[in-house]
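In order, the protein sequences belong to chains A, B and C. The first sequence stops at residue 334 when you use my numbering, and every number in between is there. The second sequence stops at residue 668 when you use my numbering, and every number in between is there. The third sequence stops at residue 1002 when you use my numbering, and every number in between is there.
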Amino acid sequence: MQTQELATLVNGNLKGDGDIEITKVASIEKAQTGEIAFAEKEFQSTNASCVIVPENFYQTLVCPTISVKNPKLAFAKIAQILHPPKKRASIIHPSAVISESAKLGKNLFIGAFCCVGDNSEIGDGSQFRAGAKIGDNVKIGKNCVLHPNVFVEDNCTIGDNVILHSGVVIGADGFGYVRDGANGYLKFPQIGTVVIENDVEIGANSCIDRGALGETRIGEGTKIDNLVQIAHNVQVGKRVVIAAQTGISGSTILEDDCIIGGQVGMGDHARVLTGAIIGSQAGILPGKIVRAGVWWGTPVQPLDEYKRQNAMVKGLGRLKEEVKELKKQLSEKK
Amino acid sequence: MQTQELATLVNGNLKGDGDIEITKVASIEKAQTGEIAFAEKEFQSTNASCVIVPENFYQTLVCPTISVKNPKLAFAKIAQILHPPKKRASIIHPSAVISESAKLGKNLFIGAFCCVGDNSEIGDGSQFRAGAKIGDNVKIGKNCVLHPNVFVEDNCTIGDNVILHSGVVIGADGFGYVRDGANGYLKFPQIGTVVIENDVEIGANSCIDRGALGETRIGEGTKIDNLVQIAHNVQVGKRVVIAAQTGISGSTILEDDCIIGGQVGMGDHARVLTGAIIGSQAGILPGKIVRAGVWWGTPVQPLDEYKRQNAMVKGLGRLKEEVKELKKQLSEKK
Amino acid sequence: MQTQELATLVNGNLKGDGDIEITKVASIEKAQTGEIAFAEKEFQSTNASCVIVPENFYQTLVCPTISVKNPKLAFAKIAQILHPPKKRASIIHPSAVISESAKLGKNLFIGAFCCVGDNSEIGDGSQFRAGAKIGDNVKIGKNCVLHPNVFVEDNCTIGDNVILHSGVVIGADGFGYVRDGANGYLKFPQIGTVVIENDVEIGANSCIDRGALGETRIGEGTKIDNLVQIAHNVQVGKRVVIAAQTGISGSTILEDDCIIGGQVGMGDHARVLTGAIIGSQAGILPGKIVRAGVWWGTPVQPLDEYKRQNAMVKGLGRLKEEVKELKKQLSEKK
Chain A
1 MQTQELATLV
11 NGNLKGDGDI
21 EITKVASIEK
31 AQTGEIAFAE
41 KEFQSTNASC
51 VIVPENFYQT
61 LVCPTISVKN
71 PKLAFAKIAQ
81 ILHPPKKRAS
91 IIHPSAVISE
101 SAKLGKNLFI
111 GAFCCVGDNS
121 EIGDGSQFRA
131 GAKIGDNVKI
141 GKNCVLHPNV
151 FVEDNCTIGD
161 NVILHSGVVI
171 GADGFGYVRD
181 GANGYLKFPQ
191 IGTVVIENDV
201 EIGANSCIDR
211 GALGETRIGE
221 GTKIDNLVQI
231 AHNVQVGKRV
241 VIAAQTGISG
251 STILEDDCII
261 GGQVGMGDHA
271 RVLTGAIIGS
281 QAGILPGKIV
291 RAGVWWGTPV
301 QPLDEYKRQN
311 AMVKGLGRLK
321 EEVKELKKQL
331 SEKK
Chain B
335 MQTQELATLV
345 NGNLKGDGDI
355 EITKVASIEK
365 AQTGEIAFAE
375 KEFQSTNASC
385 VIVPENFYQT
395 LVCPTISVKN
405 PKLAFAKIAQ
415 ILHPPKKRAS
425 IIHPSAVISE
435 SAKLGKNLFI
445 GAFCCVGDNS
455 EIGDGSQFRA
465 GAKIGDNVKI
475 GKNCVLHPNV
485 FVEDNCTIGD
495 NVILHSGVVI
505 GADGFGYVRD
515 GANGYLKFPQ
525 IGTVVIENDV
535 EIGANSCIDR
545 GALGETRIGE
555 GTKIDNLVQI
565 AHNVQVGKRV
575 VIAAQTGISG
585 STILEDDCII
595 GGQVGMGDHA
605 RVLTGAIIGS
615 QAGILPGKIV
625 RAGVWWGTPV
635 QPLDEYKRQN
645 AMVKGLGRLK
655 EEVKELKKQL
665 SEKK
Chain C
669 MQTQELATLV
679 NGNLKGDGDI
689 EITKVASIEK
699 AQTGEIAFAE
709 KEFQSTNASC
719 VIVPENFYQT
729 LVCPTISVKN
739 PKLAFAKIAQ
749 ILHPPKKRAS
759 IIHPSAVISE
769 SAKLGKNLFI
779 GAFCCVGDNS
789 EIGDGSQFRA
799 GAKIGDNVKI
809 GKNCVLHPNV
819 FVEDNCTIGD
829 NVILHSGVVI
839 GADGFGYVRD
849 GANGYLKFPQ
859 IGTVVIENDV
869 EIGANSCIDR
879 GALGETRIGE
889 GTKIDNLVQI
899 AHNVQVGKRV
909 VIAAQTGISG
919 STILEDDCII
929 GGQVGMGDHA
939 RVLTGAIIGS
949 QAGILPGKIV
959 RAGVWWGTPV
969 QPLDEYKRQN
979 AMVKGLGRLK
989 EEVKELKKQL
999 SEKK
């Protein structure tokens, strides 16, 4: 595409040649001829053929620039055009094992060693890469991508445009038992389901357990990183971001638009309200309600308090010295 | 089943109609006609056709009740009858690759794309779902379920009624190396095994490494959640519960009936004694012995101490003010 | 092999019979006739037929000994000879799906249900165990082992002698999005690659994400444990050790010869310098530079400081008492 077309695409203001051919996106440091990059602040130099810059950018460049409010967003939009996700041919590999009762949409890619169980449905344009498997009575929406070795258990529902990365497990039994004295543990029923709404992306080897009796739900547009654990009956709202290795215990609710760092742990029946940002490695106690704002530490506190407290702990040596000095002065007075 | 039959099944005391037909379990809020629920305390209302209640329950209900000592346990028992685990047909899918030297029990389900290695044995009634694989010289007991894409490595032994959820890896090499100066790391031998006793359940994508020289062992009736890491030579006792994302380092011992929260980290050669309860995100140092009781924090302390210390840290601001005030008073005295 | 041969192999000093036949390695406690063990300090007794001991070992043994500087290292070297990794036959299983454009080296083992994508290359002597899959344009070096169900995504490069344990995912998309107001999140391009250098070993179910624009790199001789998360554009140096369940955020750099404990979390754009040792469960803030030495806690501090501070917190009760006493004394003076 040409620089003018790209500028139009992102509602940007082009400065310089409008007919430079752009074929790829790249970082500002590595970009070469034919590539477009973005900058959020001044930079040393670039070989890019075009740079997306903020509206009030003052640095003079030799190459054409496209100025926009949010250069990173414009760059991501352009990248989606120049580097569309791989489109696989509409084929069903002869090795795939597909139940006769499954309802298959149009233009599907179903790769080698895939399985589709009884009465399951797959929407138009979805892709099952090698070894992806779904159980019985599963619904997969349109234009989903199940990467290699994904497994979706019986009775789960996946919306449209959902991406499940390699090794994701949706709908395994939740972790619930009842102690039966000396006999050990009896399994509490794990007979609910998982519902994943449209436009969700879930990272490699993450696990979303099925509800015990009800459902576990991941809201529209939510993005989940690798190796995340979501327990039974958790309700994750829309447009929530959850970074890697975070674990969320049973029945906890994350409202829309929360941001959760990596390695966070949440106890059961907690509630994280809209607008809350939870720092990495934080711990939220069972039943806790976490309001909007930035939270940190275990158990979580508002970031300001956490910092103040941390500073206070770091100042403990001095405080101790002061008390020692006071004792000395006081004893000298006697 | 009818309400009277269910009451008898759980040794409960039926109040009301004994011939109401019950087909499903459900939560007290969602239950409908034909469904049974349980309550541990007073609740607003329910549409359930029968409710399991504690023995001294005073609330008057329109539907029949079954009173028992432990309603949740009775509910779980009834759920096992009304919702038995899916029984798959006794078939071996033609795509499965099974060594000629393997010894197969009766009534097996072996799904598509499964592998069974040389000299491996599978007990009667076990199920290998699609893509489950075992290496050579593996022993799988009776009535086990290997969910999709499970892998059990050579020479490991699995007891009866064991459930391995999707993506579980049993018997991968432990993480042990010896530094050889500038040459980097040489692998320490990881040639031991894993033994998993009867009635163990292991959650999705969890890993149990093989012993370096000896064995890693998971005791009878132990339940392990998703994404848990158990290192080489760890000995987990009987009826232990380990929540998601916990990691246990090499040669650590968990005695019978411990309860371990989520995201706990344990150093190597530690020992957690019977009756210990370890709070989520706790950290246990290498070699530490943790006695019965509730433990919290990193490094772990008894919960009471942890709380006292936490309160003290939170009171640091006031303490600092007091010291400031003392200094002022003292200087005024001069 | 005979004791004299083994002594020569490890440049050790044999004391006792040189023609005892040794067939296995074992621990000092469990070793039997025909087995060799090692000891780093005095021990009670052993049935081993030979023991590797430190140079200045004074305990008198009935069996032959081999004295060396580093007994554990010598033991590991001997174990490699006596217990070589399983060598699988040079066969390509008929069920494997291999692109016609793939370039296959010699003496390959490619097991059941493996996939090799277009234009991918596999070096001589590499083994793909059942269900291992690689995408298009992937390069796998010589003598690699991909354990069952491993997946390596398009365009990634793996060196020689690399071991990827079961369930490893190499090259899944990194976790990067740009917020587009009420529309939610737009995917930032994740079109880079992963390069894994020679002699790397990666544990079961670990994930190494592809670079967003550039590459994610794991340096030669680095060893990574199970369930580890390495984000986009991370640069891990040579001979780095990373224990289980650690997570490293985007663009962070680990220099050569670092040692990272388990469950450590690192923010993005941090840098861990050569010689740094990071204790388990530590947290490194984004952008932080961590110098050589031992580090602990969240946020990380030098171990000495961490200990001092911990002791100070534990002494808070006494400090509080002292302040109370001072107040009392001062008020009495009035």
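For glycine and all other residues, C-beta sits at the position ideal for the given N, C-alpha and C. As the structure is a computational prediction, the values presented were derived from the model and not from experiment.
For residue i: DSSP bridge partner residues
i       : result
A705(C) : V719(C)
Q524(B) : Answer is none; Q524(B) lacks a bridge partner.
T65(A)  : K15(A) and V51(A)
Q903(C) : R885(C) and I921(C)
E821(C) : Answer by DSSP bridge pairing: none, since E821(C) is not bridged.
K358(B) : E369(B)
R939(C) : I921(C) and I957(C)
V294(A) : I277(A)
V534(B) : For V534(B), which the question treats as bridged, DSSP gives no partner whatsoever.
Residue j beta carbon less than 8 Å from that of residue i
i       : j       : result
L104(A) : R129(A) : no
K15(A)  : P64(A)  : yes
A212(A) : G176(A) : yes
N279(B) : N817(C) : Absent from the model: residue 279(B). The displayed extent of chain B is 335 to 668, so no value can be given.
E656(B) : V991(C) : yes
D936(C) : S948(C) : no
T252(A) : A270(A) : yes
D452(B) : D470(B) : yes
R878(C) : C824(C) : yes
V10(A)  : I98(A)  : no
N47(A)  : Q59(A)  : no
F781(C) : R756(C) : no
V868(C) : V830(C) : yes
N226(A) : G214(A) : no
Where residue i falls: helix, strand or coil (DSSP)
i       : result
F843(C) : coil
T550(B) : strand
Q127(A) : strand
N13(A)  : strand
K437(B) : strand
K698(C) : coil
P636(B) : strand
M312(A) : helix
K557(B) : strand
Cα-Cα separation, residue i to residue j
i       : j       : result
P967(C) : I558(B) : 30 Å
F188(A) : I28(A)  : 55 Å
L729(C) : G261(A) : 56 Å
N441(B) : K476(B) : 10 Å
E589(B) : G686(C) : 44 Å
E789(C) : V693(C) : 37 Å
I946(C) : R986(C) : 31 Å
W964(C) : V981(C) : 16 Å
A371(B) : Q235(A) : 22 Å
R976(C) : V624(B) : 23 Å
A850(C) : E531(B) : 52 Å
P752(C) : G526(B) : 14 Å
I876(C) : G167(A) : 13 Å
Item checked: Residues in the region 147 to 177 of chain A having any Cβ partner in chain C nearer than 9 Å -> Residues passing the 9 Å Cβ filter: H147, P148, N149, I163, H165, S166 and G167.
Next item on the list: Compile a chain-ordered list of the residues in the region 241 to 271 of chain A whose CB is closer than 9 Å to at least one CB of chain C.
Entry: Residues of the region 241 to 271 of chain A with a Cβ closer than 9 Å to any Cβ of chain C, in chain order: V241, A243, A244, Q245, D257, G261, G262 and Q263.
Notebook entry, point to check: Of the residues that make up the region 516 to 534 of chain B, which ones have a beta carbon closer than 7 Å to any beta carbon in chain C?
Noted result: So the list reads G518, Y519, L520, K521, F522, P523 and I525, given in the order they occur along the chain.
Next item on the list: For the region 636 to 658 of chain B, enumerate the residues whose C-beta is nearer than 9 Å to any C-beta of chain A, in chain order.
Entry: Residues of the region 636 to 658 of chain B with a C-beta atom less than 9 Å from some C-beta of chain A are N644, V647, K648, L650, G651, L653, K654, V657 and K658, listed in chain order.
Check: Along the region 87 to 110 of chain A, what residues have a CB closer than 8 Å to any CB found in chain C?
Finding: Among the residues of the region 87 to 110 of chain A, those with a Cβ less than 8 Å away from any Cβ of chain C are H93 and S95, in the order of the chain.
Check: According to a CB-to-CB cut-off of less than 8 Å, which residues of the region 881 to 905 of chain C neighbour chain A?
Finding: If the cut-off is 8 Å between Cβ atoms, the region 881 to 905 of chain C has L881, G882, L895, Q897 and A899 near chain A.
Checklist line | Members of the region 270 to 295 of chain A that neighbour chain C once the beta carbon cut-off is set at 8 Å | finding: From the region 270 to 295 of chain A, only S280 and Q281 have a Cβ closer than 8 Å to chain C.
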